[in-house]
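J.:
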Amino acid sequence: MKKISLTGIKPTGDLHIGNYFGAIKPALELAKEYDARYFIADYHALNTMKDPKELHSTIRQVAAGWLACGLDPEKVIFYRQSSIPEVFELTTILMSFTAKGLMNRAHAYKAAAAENNEKGDDTDAGINMGLFTYPVLMAADIIIFDSDIVPVGKDQVQHIEMAQDIAQSINANYNQQILKVPQAGVQEDSAVIPGLDGRKMSKSYNNVIPLFAPEKTLRKTIMRITTNSQTVEEPKNPDESQIFSLYKLFADTNEQSALAARYRAGGMGWGEAKEELFNAVNRTLSPIRERYDSIMADIPALDKILENGTQKARPIAADVLNRLKKAAGIL
Ligand code: TRP
0 MKKISLTGIK PTGDLHIGNY FGAIKPALEL AKEYDARYFI ADYHALNTMK DPKELHSTIR
60 QVAAGWLACG LDPEKVIFYR QSSIPEVFEL TTILMSFTAK GLMNRAHAYK AAAAENNEKG
120 DDTDAGINMG LFTYPVLMAA DIIIFDSDIV PVGKDQVQHI EMAQDIAQSI NANYNQQILK
180 VPQAGVQEDS AVIPGLDGRK MSKSYNNVIP LFAPEKTLRK TIMRITTNSQ TVEEPKNPDE
240 SQIFSLYKLF ADTNEQSALA ARYRAGGMGW GEAKEELFNA VNRTLSPIRE RYDSIMADIP
300 ALDKILENGT QKARPIAADV LNRLKKAAGI L
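Spelled out as structure tokens, the structure:
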């Protein structure tokens, strides 16, 4: 039997090429080897997104984004967290086995509390229970599908460890292997994708190259990449240029060495380097953008895809939930 890979995608708008190379592409690679279950973590998003229109459209944008990037809903079970009620029932059970102290130690909660303390506010100001118990819901997401591996970024590793803790204390309590203990799948070579200003590409730095922007906007964005004041004539070191780092993501090795030679030879200005980058990026993104636009043009069809995923997911979730309820004496 194939092993199970599962990951949750928090719906935050405007996917960018950092998301693509950091999360989407590796998860889609993994889906070739594993039995993959990928879902939109919409209830996790509700903790912070209180505007209904924004949440509604972000959920669709992110789902369309993953499909446009190549997620095949015939092969991957693709669904929305909110459509699997078993997840929330499991969350309630997990709550009984989760030490409050464990949640106190969660990085996201600790950071929010520390920020409050620094400002002289009440420690828990503005912190809702959804944020505080975030790791329990996430553990339920994972455990409900008997997941073997959870591809995530480094920032999520602590959450996976908490899911392991919770599953293990349940197994220990009932003295049986009822729940599968998941492993984190952190990409080792996850190179940092540089943003327009050379810092890590991130929405919070406002330095991203969006995945689905129209061609003109894409070009303008790439032209905004910051450069040093080297003249056209000066030879340039490709290994010190974020323009070249980005180019490498989109070009094959022959193209990379040809362009590196032009950097080193001198006579190529930054404008031209950006033009080369734009051409390479646009070549890759054009078909993805077209698919994205056509998926977004038919939201009912998109919702149907997610609904089909739900149909496949729920019986699996119900099995795991019932296994635990029996062991616990609830069934
Ligand atoms: N917390 C994850 C993030 O912020 C999203 C997520 C929710 C998730 N549930 C999950 C990831 C389960 C992996 C498994 O990116």
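So the sequence shown is numbered by numbering that gives the first Met the number 0: it starts at 0 and just counts up by one.
C-beta atoms are modelled at their ideal positions from N, C-alpha and C, and glycine is treated no differently.
(1) Of the residues T6, S256 and R36, which one's Cα is nearest the Cα of G308?
(2) Taking all protein chains shown into account, do 16 or more other C-beta atoms lie within 10 angstroms of the C-beta of R104, making it buried, or fewer, making it exposed?
(3) Compute the minimum distance between the beta carbon of H158 and the heavy atoms of ligand 1, and state whether it is under 7 Å.
(4) Since R261 is in the alpha helix (DSSP H), which residue starts that stretch and which ends it?
(5) Sorted by chain position, which residues of the same chain lie with C-beta nearer than 6 Å to I142's C-beta, five sequence neighbours on each side aside?
(6) Quick one: is S293 buried, meaning 16 or more other Cβ sit within 10 Å of its Cβ, or exposed?
(7) If P374 and G184 are in contact, beta carbons under 8 Å, what's the gap, nearest whole angstrom?
(8) What are the start and end residues of the alpha helix (DSSP H) that includes R23?
(9) Would the beta-carbon of I141 be found less than 7 Å away from any heavy atom of ligand 1?
(10) For E175 versus P25, is the C-beta distance shorter than 8 Å?
(11) For a quick check, are the C-beta atoms of H15 and L210 less than 8 Å apart?
(12) Could you pull out every unbroken alpha helix (DSSP H) segment of at least 4 residues lying fully inside the region 143-212, listed in chain order?
(13) Using the beta-carbon count (16 or more within 10 Å), is I329 buried or exposed?
(14) Hey, G64 and V207: beta-carbon distance below 8 Å or not?
(15) Give me, in chain order, the residues of the same chain whose beta-carbon lies closer than 6 Å to that of M48; leave out the 5 immediate sequence neighbours on both sides.
(16) So for Y78, helix, strand or coil by DSSP?
(17) What are the residues that DSSP puts in a beta bridge with I8?
(18) What are the start and end residues of the alpha helix (DSSP H) that includes P299?
(19) Any idea which residues DSSP pairs I3 with across the strands?
(20) Can you list, in chain order, the residues of its chain with a C-beta nearer than 6 Å to that of Y173? Leave out the 5 residues immediately preceding and following it.
(21) With respect to the alpha helix (DSSP H) encompassing T97, which residues constitute its N-terminal and C-terminal limits?
(22) Starting from the Cα of R290, find the closest Cα among G7, Y42, K52 and A62 and give me that residue.
(23) Shorter than 7 Å, the distance from the beta carbon of M161 to the closest heavy atom of ligand 1, or not?
(24) Tell me which residues share the same chain as L89 and place their Cβ nearer than 6 Å to its Cβ, disregarding the 5 neighbours each side in the sequence.
(25) Assuming I76 and A312 make a contact with CB atoms under 8 Å, what is their CB distance in whole Å?
(26) With hydrogens ignored, establish whether the beta-carbon of V151 is closer than 7 Å to any heavy atom of ligand 1.
(27) Assuming L93 and V135 are in contact, meaning their beta carbons sit under 8 Å apart, how far apart are those beta carbons, in whole angstroms?
(28) Span of the alpha helix (DSSP H) holding L66?
(29) Would you give the residue range spanned by the alpha helix (DSSP H) that L284 belongs to?
(30) Would you decide whether M128 is buried or exposed? Buried here means 16 or more other CB atoms lie within 10 Å of its CB.
T.: Based on what the coordinates show:
(1) Within the sequence shown, the letter at position 309 stands for residue 308. The candidate whose alpha carbon is nearest that of G308 is R36.
(2) Counting from 1 along the sequence shown, the entry for residue 104 is found at position 105. Under this definition R104 is an exposed residue.
(3) As a working note, residue 158 is residue 159 in the sequence shown. Yes, since a heavy atom of ligand 1 falls inside the 7 Å radius drawn around the Cβ of H158.
(4) Sequence index remark: in the sequence shown, residue 261 carries index 262 (1-based). R261 -> alpha helix (DSSP H) spans T252 to A264.
(5) The sequence position of residue 142 within the sequence shown is 143, counting from 1. Around I142: A166 and L178.
(6) In the sequence shown, the residue the question calls residue 293 occupies position 294. S293 should be labelled exposed.
(7) Outside the modelled stretch of the chain, which goes from 0 to 330, sits residue 374, for which no answer is possible.
(8) For the purposes of this step, residue 23 is taken as residue 24 along the sequence shown, with counting starting at 1. A small correction: the amino acid at residue 23 is Ile; Arg does not occupy that position in the sequence shown. No alpha helix (DSSP H) contains I23, which DSSP labels as neither H nor E.
(9) Here residue 141 corresponds to residue number 142 of the sequence shown, with the count starting at 1. Yes.
(10) Your numbering for residue 175 matches position 176 in the sequence shown. Your numbering for residue 25 matches position 26 in the sequence shown. Just to set this straight, residue 175 is Gln in the shown sequence, not Glu. No. Outside cutoff.
(11) Within the sequence shown, residue 15 is the residue found at index 16, counting from 1. Within the sequence shown, residue 210 is the residue found at index 211, counting from 1. Yes, Cβ-Cβ distance for H15 and L210 is below 8 Å.
(12) 156-173
(13) Here the question's residue 329 lines up with position 330 in the sequence shown. With fewer than 16 Cβ atoms within 10 Å of its Cβ, I329 is classed as exposed.
(14) On the sequence shown, residue 64 is found 65 positions in, with the first residue counted as 1. On the sequence shown, residue 207 is found 208 positions in, with the first residue counted as 1. Against a cut-off of 8 Å, the Cβ pair of V207 and G64 comes out as no contact.
(15) Working through the sequence shown from its first residue, we reach residue 48 at position 49. Within the same chain, M48 has close Cβ partners L54.
(16) By 1-based counting over the sequence shown, the position of residue 78 is 79. DSSP places Y78 in strand when its eight states are reduced to three.
(17) The count along the sequence shown starts at 1 and reaches residue 8 at position 9. DSSP output for I8 lists I39 as bridge partner(s).
(18) Stepping through the sequence shown from its first residue, residue 299 is reached at position 300. I298 to A327 is the extent of the alpha helix (DSSP H) around P299.
(19) Indexing the sequence shown from 1 puts residue 3 at position 4. According to DSSP, which records beta bridges pairwise, I3 is partnered with D34.
(20) Reading the sequence shown from its first residue, position 174 is the one you call residue 173. A326, listed in sequence order.
(21) Taking the sequence shown and counting its residues from 1, the one referred to as residue 97 is at position 98. First-last for T97: undefined, no H or E at that position.
(22) For the purposes of this step, residue 290 is taken as the residue at position 291 of the sequence shown. Checking every option, the nearest Cα to that of R290 belongs to A62.
(23) Position 162 of the sequence shown holds residue 161. Result no, Cβ not under 7 Å from ligand 1.
(24) Against the sequence shown, residue 89 aligns to sequence position 90. Cβ within range, chain order: A139, I143 and L320.
(25) On the sequence shown, position 77 is the one that residue 76 refers to. On the sequence shown, position 313 is the one that residue 312 refers to. Going by Cβ atoms, the distance from I76 to A312 rounds to 5 Å, so yes, they are a contact pair.
(26) As a working note, residue 151 is residue 152 in the sequence shown. Checking the Cβ of V151 against ligand 1 gives yes.
(27) Residue numbering aside, residue 93 sits at position 94 when the sequence shown is read from its first letter. Residue numbering aside, residue 135 sits at position 136 when the sequence shown is read from its first letter. That belief holds up - the Cβ atoms of L93 and V135 are roughly 5 Å apart, short of 8 Å.
(28) Here residue 66 is taken as the residue at index 67 of the sequence shown, counted from 1. Segment P51 to A67, the alpha helix (DSSP H) holding L66.
(29) Mapped onto the sequence shown, residue 284 falls at position 285. It spans W269 to M295 - the alpha helix (DSSP H) in which L284 sits, taken as one unbroken run.
(30) Indexing the sequence shown from 1 puts residue 128 at position 129. Exposed is the call here.
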